[in-house]
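Protein chains: 2
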Amino acid sequence: MSSSRAIRLALPLFLVAATLSTTAVAQQPTKAEQMLKYRKALYTAMAWNFGPMGAMAQGKMPYNAADFALRAQRVAEIAPMLAESFGPETKGLPNSELKPEAWDNRADFDAKMKDLVDRSAALAQVAKSGDEAKAKAAFFDTANACKACHDKYKKKD
Amino acid sequence: MSSSRAIRLALPLFLVAATLSTTAVAQQPTKAEQMLKYRKALYTAMAWNFGPMGAMAQGKMPYNAADFALRAQRVAEIAPMLAESFGPETKGLPNSELKPEAWDNRADFDAKMKDLVDRSAALAQVAKSGDEAKAKAAFFDTANACKACHDKYKKKD
Chain Y
27 MSSSRAIRLA
37 LPLFLVAATL
47 STTAVAQQPT
57 KAEQMLKYRK
67 ALYTAMAWNF
77 GPMGAMAQGK
87 MPYNAADFAL
97 RAQRVAEIAP
107 MLAESFGPET
117 KGLPNSELKP
127 EAWDNRADFD
137 AKMKDLVDRS
147 AALAQVAKSG
157 DEAKAKAAFF
167 DTANACKACH
177 DKYKKKD
Chain V
27 MSSSRAIRLA
37 LPLFLVAATL
47 STTAVAQQPT
57 KAEQMLKYRK
67 ALYTAMAWNF
77 GPMGAMAQGK
87 MPYNAADFAL
97 RAQRVAEIAP
107 MLAESFGPET
117 KGLPNSELKP
127 EAWDNRADFD
137 AKMKDLVDRS
147 AALAQVAKSG
157 DEAKAKAAFF
167 DTANACKACH
177 DKYKKKD
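Listed in order, the protein sequences are those of chains Y and V. Per my numbering, the first sequence starts with residue 27, numbered consecutively. Per my numbering, the second sequence starts with residue 27, numbered consecutively.
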């Protein structure tokens, strides 16, 4: 008991805060709001990695195989997290860029997310090989998966 | 030429924006500011996954082996991204929670980040096995890696 308490006290404060009840912290965001915040953070992390890959793929920045491959790996890791961040509890939340149509076409939305996951995984594999032409082609495949979903389900792009 | 242009036009707007020069977009954040935003997004993504693991590890939420293992996997993927987000160009930026001491003790800071990467990788492996006691112990190992860095290099926790 006392050792378990000592462990608890040794935890970083962010962990303690995460386990407080919502009644104890009146201004605590709801689980749904936290999920939306998570989703937006993931898009930020995605863009950080994807942007320079786009510049390289378009020849606006010199192609750096190692940097391209590392970013492709990150994109492939973030994509499944993104797919997990559209829980039904976030439906109707303000400040979301998701069009309401996504909830009426959930199977199509999920298929588009799966495309992103699958294509970014393929991109990470190809990028590792260092074949510039194939890596760039795989990048555009992935970018088109982004675009297909944005065009249909994102309020503005 | 025309086919390359067609590909470019088909890209999502966020990609086009990422390749615009800073003179074209006066209010564009600097690379350093973008990296800090990336870092903060990663901490948000980390907390989303780590928080419920902490509640489970502390017995405040029922232990769900599959959910714990998935979150452990996410934490293990985010940790190396975090380590990449402390580039020297972010030194001295306002709105950072990093203490200036981190720059004077860079080797120690990097060693602490490596601890996080290594321990979260071990946590993800153990969590996959489904052994609750070992998974919880590995969780506290990882939480202590968070805490060691926060205590020394985070402005407030």
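Yeah, the Cβ is synthetic: ideal placement off N, Cα and C, and Gly gets one too. As the structure is a prediction and not an experimental result, all values here were calculated from the model.
Boundaries of the alpha helix (DSSP H) in which residue i is found, first to last residue
| i | result |
| --- | --- |
| D177 of chain V | E158 to Y179 |
| Q151 of chain V | R132 to S155 |
| T70 of chain V | K57 to A83 |
| L108 of chain Y | A91 to E110 |
Proximity test, Cβ basis, 8 Å: residue i and chain Y
| i | result |
| --- | --- |
| A67 of chain V | yes |
| E23 of chain V | The displayed coordinates of chain V run from 27 to 183. Any statement about residue 23 of chain V would go beyond what the structure contains. |
| M139 of chain V | no |
| E158 of chain V | no |
| R132 of chain V | no |
| R145 of chain V | no |
Cβ of residue i within 8 Å of any chain V Cβ
| i | result |
| --- | --- |
| K63 of chain Y | yes |
| Q60 of chain Y | yes |
| A71 of chain Y | yes |
| D129 of chain Y | Note that residue 129 of chain Y corresponds to Trp in the displayed sequence, not to Asp. Answer no: the Cβ-Cβ gap between W129 of chain Y and chain V never drops below 8 Å. |
Cβ-based burial, residue i [other Cβ within 10 Å; buried from 16]
| i | result |
| --- | --- |
| K182 of chain V | exposed |
| Q53 of chain V | exposed |
| K180 of chain Y | buried |
| R65 of chain Y | buried |
| A92 of chain V | exposed |
| R132 of chain Y | exposed |
Nearest-angstrom beta carbon gap, residue j and residue i [assumed within contact, 8 Å]
| i | j | result |
| --- | --- | --- |
| A102 of chain V | A137 of chain V | Not confirmed; about 18 Å, so no contact. |
| F165 of chain V | L149 of chain V | 6 Å |
| L142 of chain Y | A171 of chain Y | 4 Å |
Segment contact flag, the segment 103-114 of chain Y with the segment 109-124 of chain V, C-beta cutoff 8 Å, min 3 pairs:
no
With a cut-off of 8 Å, do at least 3 Cβ pairs link the segment 69-89 of chain Y to the segment 72-80 of chain V?
no
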